[in-house]
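Only one structure is covered here, and it is reproduced in the block below.
Residue numbers (the numbering used here), protein chains in the order written: chain R, 1 to 136; chain V, 1 to 136.
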């Protein structure tokens, strides 16, 4: 199976990584995910790595790439379900996943995204209000 | 990786099948899923098979088993994201997935479960009302 399925759940996309990400699979995932963000107008990407028990610098870079690409497309990325051993390895490898949000599980990740989305919307409204004030 | 991750999303469990289900993996999935239903009190199980392009009678039986086990535990099973070729193969194999609900994608599957859950709750209330009427 050459592609990792991307599930649309309301305003978010969910990806569950269950297999080792080799070069081509990772590239496909990046491409598919960005296309899906563009097609669906998704505001958040959840990446579940609870099945990943071994992590290397390649995997770390892919997660960072996806987060950077998504942010440019106005979607935040949350990595969820990381096993403790994976977190230890990432830090020992010197990969602190900058720019990637993390949450303990999918539900908490969705809460985080909803909160971010909520505050974004509130900010937009504030800006509009400010604009209105200025208009008056 | 010996286990397929099961994600809890509100009152439902979500499983994405991305790898070929061989005997042990399938047994582990059945066990894990039933334990999770029991632990979390989940009312629905969503099984995404959008990454599955080849299906055989074993896979069909596993899906049927999961649905039957879940129903005994008071949770409905919805298989989502089936590829057209898989549907064709299933029918040609004579497997009509009896007792398994299907939906086009995860969102529609959740809607279906919510509707079932909603009507279940309404029915429970009706029954309670009837009880009340009889009590009076």
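Even glycine gets a Cβ: it sits at the ideal position worked out from N, Cα and C.
Residue i to residue j, Cα distance in whole Å?
i	j	result
residue 75 of chain V	residue 63 of chain R	34 Å
residue 30 of chain R	residue 21 of chain R	11 Å
residue 23 of chain R	residue 61 of chain R	12 Å
residue 138 of chain V	residue 15 of chain V	Summary: the structure shown does not reach residue 138 of chain V, with chain V confined to residues 1 through 136, and so no result is reported for it.
residue 7 of chain R	residue 102 of chain R	19 Å
residue 3 of chain V	residue 84 of chain R	17 Å
residue 136 of chain R	residue 119 of chain R	Note on residue 136 of chain R: pLDDT 48, under 50, position unreliable in the model; the coordinate value appears next. Cα-Cα distance, rounded: 25 Å.
residue 106 of chain R	residue 11 of chain V	13 Å
residue 70 of chain V	residue 79 of chain V	13 Å
residue 32 of chain R	residue 97 of chain V	30 Å
residue 9 of chain V	residue 108 of chain R	10 Å
Can you tell me where the alpha helix (DSSP H) holding residue i begins and where it ends?
i	result
residue 47 of chain R	First-last for residue 47 of chain R: 44 to 48, but that is the beta strand (DSSP E), not the alpha helix (DSSP H).
residue 89 of chain V	84 to 92
residue 208 of chain R	Because chain R is modelled from 1 through 136, residue 208 of chain R falls outside the range shown and cannot be assessed.
Determine the burial state of residue i: buried for a count of at least 16 other Cβ atoms within 10 Å of its Cβ, exposed for fewer.
i	result
residue 142 of chain V	With chain V covering only 1 through 136, there is no way to say anything about residue 142 of chain V.
residue 72 of chain R	exposed
residue 37 of chain V	buried
residue 91 of chain R	exposed
residue 5 of chain V	buried
residue 17 of chain R	buried
residue 47 of chain R	buried
residue 104 of chain R	exposed
residue 27 of chain V	exposed
residue 81 of chain V	buried
residue 93 of chain R	exposed
Cβ of residue i versus every heavy atom of the ligand GTP: is any distance shorter than 7 Å?
i	result
residue 104 of chain R	Looking for the ligand GTP in the displayed structure turns up nothing, as the structure carries no ligands at all.
Tell me where the beta strand (DSSP E) around residue i begins and ends.
i	result
residue 6 of chain R	6 to 9
residue 14 of chain R	12 to 16
residue 102 of chain R	101 to 103
On the premise that residue j lies in contact with residue i, defined as a C-beta separation below 8 Å, what is that separation, rounded to the nearest angstrom?
i	j	result
residue 99 of chain V	residue 67 of chain V	5 Å
My parser needs the beta strand (DSSP E) runs of 3 or more residues fully inside the stretch 59 to 83 of chain V; what are they?
Correct list: 76 to 80.
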